[in-house]
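Visitor: My numbering puts the sequence shown at residues -5 to 206.
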Amino acid sequence: MFGLDAPTVVAYVLAAGALILVPGQDTVVVLTRGLRSPRVGVAAALGVATGVLGHATAAALGLAALFRAVPALARAVALLGAAYLCYLAVETLRDDEFAASEGAYDDGTLDTGSGVRAGYRRGLLTNAANPKVALFFLAFLPGFAGGPDATGAMLVLGVVYAVLGALYLGAVGALAGRAGRLLDDPRKRRGVRVVSASVLVVLAGVLVASVV
-5 MFGLDAPTVV
5 AYVLAAGALI
15 LVPGQDTVVV
25 LTRGLRSPRV
35 GVAAALGVAT
45 GVLGHATAAA
55 LGLAALFRAV
65 PALARAVALL
75 GAAYLCYLAV
85 ETLRDDEFAA
95 SEGAYDDGTL
105 DTGSGVRAGY
115 RRGLLTNAAN
125 PKVALFFLAF
135 LPGFAGGPDA
145 TGAMLVLGVV
155 YAVLGALYLG
165 AVGALAGRAG
175 RLLDDPRKRR
185 GVRVVSASVL
195 VVLAGVLVAS
205 VV
């Protein structure tokens, strides 16, 4: 289909799997949302997957060529992503997402439609500003789709990546929700938030260092 052969697809799945398994801001956000409730964590994972489809569509429509022609645009997008990561870090410290009312684990009262939608939006926005995924699609996706219908091939490969990411991060979100029952100590919740915020700041710093 679209000029994709089996060896190419296998190589792509291995590369995509390696990228998905590397902890990053997507994982952090899904984990923290999952500690709120399993459904919210899974919703955040689906939001991330939707963001992946956006990256793939952009690459398929020629954004990679645009970034190569205007390097300053790529740097600007990277810096905006770093700024958003810092914003997420501040929000993580300010908002005790791990607490449900007076307790740490959501017993169902927070597992509402609005909470699920908020988790989905956070996952979507986080992935949209995720330079790791953007660079993957912009730098490597065209190399796996060099056939006569490169646009269609890139879209198919983007869907494959989105499905793999949704399965993995969905499991992370669901399992994190169960682990949230252990975080009934405010000091433990604070520690998890500090670690999560620190990871986000480090990722932002690495991103800035890569473009300056």
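Glycine is no exception: its CB is placed at the ideal position from the N, C-alpha and C atoms.
Our contact map puts Ala160 next to Leu40 with C-beta atoms below 8 Å; I'd like the distance itself, whole angstroms only.
Guide: Here residue 160 refers to the residue found at position 166 when the sequence shown is read from its first residue. Here residue 40 refers to the residue found at position 46 when the sequence shown is read from its first residue. Their Cβ separation, rounded to whole angstroms, is 6 Å, which keeps Ala160 and Leu40 in contact under 8 Å.
Visitor: Within 10 angstroms of the Cβ of Arg187, are there 16 or more other Cβ atoms? Answer buried if so, exposed if not.
Guide: In the sequence shown, counting from the first residue as 1, residue 187 sits at position 193. Classification for Arg187: buried.
Visitor: How many Å lie between Val3 and Tyr114 at the Cα?
Guide: What you label residue 3 is simply residue 9 of the sequence shown in a count that begins at 1. What you label residue 114 is simply residue 120 of the sequence shown in a count that begins at 1. Rounded to the nearest angstrom, the two C-alpha atoms are 29 Å apart.
Visitor: Which residues mark the beginning and the end of the alpha helix (DSSP H) in which Asp20 is found?
Guide: Here residue 20 is taken as the residue at index 26 of the sequence shown, counted from 1. Where Asp20 is concerned, the enclosing alpha helix (DSSP H) stretches over Gln19 to Arg30.
Visitor: Can you tell me the Cα-Cα spacing of Leu195 and Arg181, whole angstroms?
Guide: Reading the sequence shown from its first residue, position 201 is the one you call residue 195. Reading the sequence shown from its first residue, position 187 is the one you call residue 181. Checking the sequence shown, residue 195 turns out to be Val, not Leu. Going by the C-alpha atoms only, they are around 21 Å apart.
Visitor: Buried or exposed, going by whether 16 or more other CB atoms sit within 10 Å of the CB of Asp20?
Guide: Here residue 20 is taken as the residue at index 26 of the sequence shown, counted from 1. The residue is buried, with at least 16 neighbouring Cβ atoms inside 10 Å.
Visitor: Quick one: Cα of Leu79 to Cα of Leu163, how far?
Guide: Taking the first residue of the sequence shown as position 1, residue 79 is located at position 85. Taking the first residue of the sequence shown as position 1, residue 163 is located at position 169. Their backbone Cα atoms lie some 19 Å apart in a straight line.
Visitor: Please state whether DSSP places Ala123 in a helix, a strand or coil.
Guide: Here residue 123 refers to the residue found at position 129 of the sequence shown. DSSP places Ala123 in coil when its eight states are reduced to three.
Visitor: Confirm, please, whether the CB-CB distance from Ala50 to Phe131 is below 7 Å.
Guide: Within the sequence shown, numbered from 1, the residue matching residue 131 stands at position 137. Within the sequence shown, numbered from 1, the residue matching residue 50 stands at position 56. For Phe131 and Ala50, yes; Cβs fall inside 7 Å.
Visitor: If we count the other Cβ atoms within 10 Å of its Cβ and call it buried at 16 or more, is Ser31 buried or exposed?
Guide: In the sequence shown, counting from the first residue as 1, residue 31 sits at position 37. Buried, because 16 or more other Cβ atoms sit within 10 Å of the Cβ of Ser31.
Visitor: Answer yes or no: do Val36 and Ala147 have a C-beta to C-beta separation smaller than 7 Å?
Guide: Numbered from its first residue, the sequence shown carries residue 36 at position 42. Numbered from its first residue, the sequence shown carries residue 147 at position 153. The answer is no: Cβ separation not under 7 Å.
Visitor: For Gly164, does the three-state DSSP call read helix, strand or coil?
Guide: Here the question's residue 164 lines up with position 170 in the sequence shown. Three-state result, Gly164: helix.
Visitor: Is the distance from the Cβ of Ala156 to the Cβ of Val46 below 7 Å?
Guide: In the sequence shown, residue 156 corresponds to position 162, counting from 1. In the sequence shown, residue 46 corresponds to position 52, counting from 1. Yes, these two residues count as a Cβ contact at 7 Å.
Visitor: Counting only the same chain and skipping the five closest in sequence on each side, list residues whose C-beta sits under 6 Å from that of Val24.
Guide: Here residue 24 refers to the residue found at position 30 when the sequence shown is read from its first residue. Answer for Val24: Gly35, Ala38, Ala39, Leu163, Val166 and Gly167, listed in chain order.
Visitor: By how many angstroms is the C-alpha of Leu73 removed from the C-alpha of Ala203?
Guide: Against the sequence shown, residue 203 aligns to sequence position 209. Against the sequence shown, residue 73 aligns to sequence position 79. Cα to Cα, Ala203 sits roughly 10 Å from Leu73.
Visitor: When you compare the CB positions of Gly28 and Ala170, do they come within less than 7 Å of one another, or not?
Guide: In the sequence shown, residue 28 corresponds to position 34, counting from 1. In the sequence shown, residue 170 corresponds to position 176, counting from 1. It is a contact, given that the beta carbons lie within the stated cut-off.
Visitor: Following the continuous alpha helix (DSSP H) through Gly56, name the residue where it begins and the one where it ends.
Guide: As a first step, residue 56 must be located in the sequence shown, where it is residue number 62. Premise fails: Gly56 is in no alpha helix (DSSP H) and is neither H nor E.
Visitor: Just mark Leu(-2) as buried or exposed, buried being the case when its beta carbon has 16 or more other beta carbons within 10 Å.
Guide: Along the sequence shown, one-based indexing puts residue -2 at 4. By the 10 Å Cβ count, Leu(-2) comes out buried.
Visitor: Hey, does Ala39 have any beta-carbon neighbour from chain D nearer than 7 Å?
Guide: Protein chain content of the structure displayed is limited to a single chain, and chain D is not contained in it.
Visitor: Quick check on Arg116: buried or exposed, where buried means 16 or more other Cβ atoms within 10 Å of its Cβ?
Guide: Residue numbering aside, residue 116 sits at position 122 when the sequence shown is read from its first letter. With 16 or more other Cβ atoms within 10 Å, it is buried.
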